[in-house]
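**Student:** Numbered per the working numbering, the sequence shown spans residues 7 to 385. My questions will all concern the structure given below.
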Amino acid sequence: MQDVRDTSPQSEKQSEKQPGTGPGTRPDARPGTPSGARRRVRAGSRAGSRSGEGADFRGPATAPVLAAGAASVLAVAGLAWAAGAAQWLTHPGFRAWQTICVAITLQALPFLVLGTMVSGAVNAFVPERVFSRVLPRRPALAVPVASVAGVVLPGCECASVPVAGSLVRRGVTPAAAFAFLLSAPAVNPVVLASTAVAFPGSPEMVAARLVASLAVSAAMGWLWLRFGRAEWLRMPSRHTGHRHGHRRWEEFRLGFQHDFLHAGGFLVLGAMAAATFNVAVPGSVLDAFSGSPWLSVLFLAGLAIVLAVCSEADAFVAASLTGFSPTARLAFMVVGPMVDVKLVALQAGTFGRAFALRFSAATAVVAVAASSLAGWWLL
Numbered sequence: 007m008q009d010v011r012d013t014s015p016q017s018e019k020q021s022e023k024q025p026g027t028g029p030g031t032r033p034d035a036r037p038g039t040p041s042g043a044r045r046r047v048r049a050g051s052r053a054g055s056r057s058g059e060g061a062d063f064r065g066p067a068t069a070p071v072l073a074a075g076a077a078s079v080l081a082v083a084g085l086a087w088a089a090g091a092a093q094w095l096t097h098p099g100f101r102a103w104q105t106i107c108v109a110i111t112l113q114a115l116p117f118l119v120l121g122t123m124v125s126g127a128v129n130a131f132v133p134e135r136v137f138s139r140v141l142p143r144r145p146a147l148a149v150p151v152a153s154v155a156g157v158v159l160p161g162c163e164c165a166s167v168p169v170a171g172s173l174v175r176r177g178v179t180p181a182a183a184f185a186f187l188l189s190a191p192a193v194n195p196v197v198l199a200s201t202a203v204a205f206p207g208s209p210e211m212v213a214a215r216l217v218a219s220l221a222v223s224a225a226m227g228w229l230w231l232r233f234g235r236a237e238w239l240r241m242p243s244r245h246t247g248h249r250h251g252h253r254r255w256e257e258f259r260l261g262f263q264h265d266f267l268h269a270g271g272f273l274v275l276g277a278m279a280a281a282t283f284n285v286a287v288p289g290s291v292l293d294a295f296s297g298s299p300w301l302s303v304l305f306l307a308g309l310a311i312v313l314a315v316c317s318e319a320d321a322f323v324a325a326s327l328t329g330f331s332p333t334a335r336l337a338f339m340v341v342g343p344m345v346d347v348k349l350v351a352l353q354a355g356t357f358g359r360a361f362a363l364r365f366s367a368a369t370a371v372v373a374v375a376a377s378s379l380a381g382w383w384l385l
């Protein structure tokens, strides 16, 4: 019987072109899929199924192991940090830093409380019409009267900015309002008393601070009368003083709480910075600044702008800077209540950025000059 299979070359070529139909190919194979690829896919699917089955009983067991390992690493790191911190806390330098910081804070805290209480009482109980009635109508005369009014109606620098904005809104000449803004936190009785306590046996320091601060506030008021422009000033819309329908004692409590917490934070930061300055700064650096009268004055004036210590407490920070001259420490106390970072922000929010930048820069220059002259004259 003759075999009837087609063995022509044409049929062999067709079988080579169709690998899925050649000899040894399974009937259920899809055309166009190489057999090696099918084997790899099937092997991968079988491996995936095996790994999925193993994850069911191995996954939960590995999580506690990883958590325990992480906890062990954290525990070792915590113990190492605690051991290093214990050695660091007992270091003589840190003990000196801690002593200076606590001493400055405790000395200044009673005056800070008293100053914020007086400021809150003035804001809550003194009517705003008192300011407009006391000040003369002529702007040139109203400026020095407003400067002296800072002694009678004291307030911290945080409250003086909105009070000055209220005066401008009620028709008081801006020059007089700005003179009061600068003098109220700088020459009030609480500030002068704290200066006398911080510099015992040095009444000339108290007098120099009073004279320089009054001179700066009056000079800036007159400078605004001469060179100030209305387009630089944005009329304030913030309300200060007693609000109708609100209890005055409640306003006093809220104002005192806000001013004390706000100023207390800056007091702590200032005390920490002063302590760090006394302990960490090498003596050679201090000699480089303190050896030059102008460099020491400029350095402490810039430090006062950055630290932004409340005026009721800055005398204690200045008294701790014993490596500098009395004139430089006077500049720290005169510049700080009039120009610092928080005051610039408050002035920008109340009167506008154009006013705050120009007024603060001019005030800093005048304050440094007045401090130098007062120190040369009285110290």
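Yeah, the Cβ is synthetic: ideal placement off N, Cα and C, and Gly gets one too.
To the nearest angstrom, how far is the alpha carbon of residue 237 from that of residue 224?
**Tutor:** Computed Cα separation, rounded: 22 Å.
**Student:** Check this for me: beta carbons of residue 306 and residue 334, under 7 Å apart or not?
**Tutor:** In contact: residue 306 and residue 334 (Cβ atoms closer than 7 Å).
**Student:** One question on the structure: do residue 111 and residue 314 come within less than 7 Å of each other, judged by their Cβ atoms?
**Tutor:** Cβ distance not < 7 Å, so residue 111 and residue 314 don't count as in contact.
**Student:** Would you please state the rounded distance, in angstroms, between the beta carbons of residue 376 and residue 340? I believe it to be under 8 Å.
**Tutor:** Right, the Cβ-Cβ distance comes to about 7 Å (below 8 Å), so this counts as a contact.
**Student:** Suppose you measure from the CA of residue 127 to the CA of residue 140; what does that come to, to the nearest Å?
**Tutor:** Residue 127 and residue 140: Cα-Cα distance of roughly 19 Å.
**Student:** Should residue 234 and residue 149 be called a contact, given that it needs their Cβ atoms to be closer than 7 Å?
**Tutor:** The answer is no: Cβ separation not under 7 Å.
**Student:** In terms of alpha-carbon separation, which member of 264, 219, 357, 301 lies closest to residue 330?
**Tutor:** The option with the nearest alpha carbon to residue 330 is 301.
**Student:** Please report the distance separating the alpha-carbon of residue 319 from that of residue 175.
**Tutor:** Taking the straight line joining both Cα atoms gives about 31 Å.
**Student:** Here's a check: name, in chain order, each residue in its chain whose Cβ is nearer than 7 Å to the Cβ of residue 295, leaving out the five neighbours to either side.
**Tutor:** The answer, listed in chain order, is 301, 302, 305.
**Student:** Start and end of the alpha helix (DSSP H) containing residue 236?
**Tutor:** From DSSP, residue 236 is part of no alpha helix (DSSP H); its letter is neither H nor E.
**Student:** Could you tell me the distance, in whole angstroms, from the CA atom of residue 247 to the CA atom of residue 96?
**Tutor:** For residue 247, the predicted structure reports a pLDDT of 47, less than 50, and the residue's modelled location is therefore unreliable. The matter cannot be settled from this model.
**Student:** Answer yes or no: do residue 222 and residue 317 have a C-beta to C-beta separation smaller than 7 Å?
**Tutor:** No, these two residues do not count as a Cβ contact at 7 Å.
**Student:** So, helix, strand or coil for residue 264, using DSSP?
**Tutor:** The answer is helix: DSSP assigns residue 264 an H, G or I state.
**Student:** Along the alpha helix (DSSP H) that carries residue 135, what are the first and last residues, could you check?
**Tutor:** Taken as a continuous stretch (DSSP letters only), the alpha helix (DSSP H) holding residue 135 covers 135-140.
**Student:** Near residue 255, what residues of its chain come up, given a Cβ to Cβ distance below 8 Å and the 5 sequence neighbours on each side ignored?
**Tutor:** 130, listed in sequence order.
**Student:** I need the straight-line Cα distance from residue 363 to residue 192, nearest angstrom please.
**Tutor:** One C-alpha to the other measures close to 20 Å.
**Student:** Just the Cα atoms here: how many angstroms apart are residue 358 and residue 195?
**Tutor:** Distance between the alpha carbons of residue 358 and residue 195 is about 30 Å.
**Student:** Between residue 379 and residue 253, what straight-line distance do the alpha-carbon atoms span, to the nearest angstrom?
**Tutor:** For residue 379 and residue 253, the distance between alpha carbons rounds to 46 Å.
**Student:** Since I believe residue 173 is in contact with residue 181 (beta carbons under 8 Å), could you give me their beta-carbon distance rounded to a whole number of angstroms?
**Tutor:** Not a contact, Cβ separation roughly 11 Å.
**Student:** Can you grab the Cα-Cα spacing for the pair residue 122 / residue 99, in whole Å?
**Tutor:** So the two alpha carbons sit approximately 34 Å from each other.
**Student:** Can you grab the Cα-Cα spacing for the pair residue 199 / residue 114, in whole Å?
**Tutor:** Each residue's alpha carbon lies about 11 Å from the other.
**Student:** Which of the three DSSP states, helix, strand or coil, is assigned to residue 13?
**Tutor:** In this prediction, residue 13 has a pLDDT of 47, which is less than 50 and means its spatial position is unreliable; what the coordinates show is noted afterwards. Coil.
**Student:** If residue 211 sits next to residue 332, beta carbons under 8 Å apart, how far is it from one beta carbon to the other, in whole angstroms?
**Tutor:** So it is a contact: roughly 7 Å between Cβ atoms.
**Student:** Residue 156 and residue 189 - do their beta-carbons sit closer together than 7 Å?
**Tutor:** It is a contact, given that the beta carbons lie within the stated cut-off.
**Student:** So what's residue 256 in DSSP terms, helix, strand or just coil?
**Tutor:** If DSSP states are grouped into helix, strand and coil, residue 256 belongs with the helices.
**Student:** In this structure, how does DSSP classify residue 346 when only helix, strand and coil are distinguished?
**Tutor:** Note: residue 346 maps to coil in three-state DSSP.
**Student:** Are there 16 or more other CB atoms within 10 angstroms of the CB of residue 168, so buried, or fewer, so exposed?
**Tutor:** The residue in question, residue 168, is buried, as its Cβ has 16 or more Cβ neighbours within 10 Å.
**Student:** Would you check if the distance between the CB atom of residue 321 and the CB atom of residue 146 is smaller than 7 Å?
**Tutor:** Taking 7 Å as the Cβ cut-off, residue 321 and residue 146 do not qualify as a contacting pair.
**Student:** Can you list, in chain order, the residues of its chain whose CB lies under 7 Å from that of residue 6, leaving out five sequence neighbours each side?
**Tutor:** Past the edges of the chain, shown from 7 to 385, lies residue 6, and the structure says nothing about it.
**Student:** Between the C-alpha atoms of residue 259 and residue 103, what's the straight-line distance to the nearest angstrom?
**Tutor:** Going by the C-alpha atoms only, they are around 34 Å apart.
**Student:** Assuming residue 106 contacts residue 286 under a Cβ cut-off of 8 Å, what Cβ separation, rounded to an integer in Å, is found between them?
**Tutor:** About 11 Å separates the two Cβ atoms, so there is no contact after all.
**Student:** Would you report the Cα separation of residue 284 and residue 207, rounded to the nearest angstrom?
**Tutor:** In a straight line, the C-alpha of residue 284 is about 23 Å away from that of residue 207.
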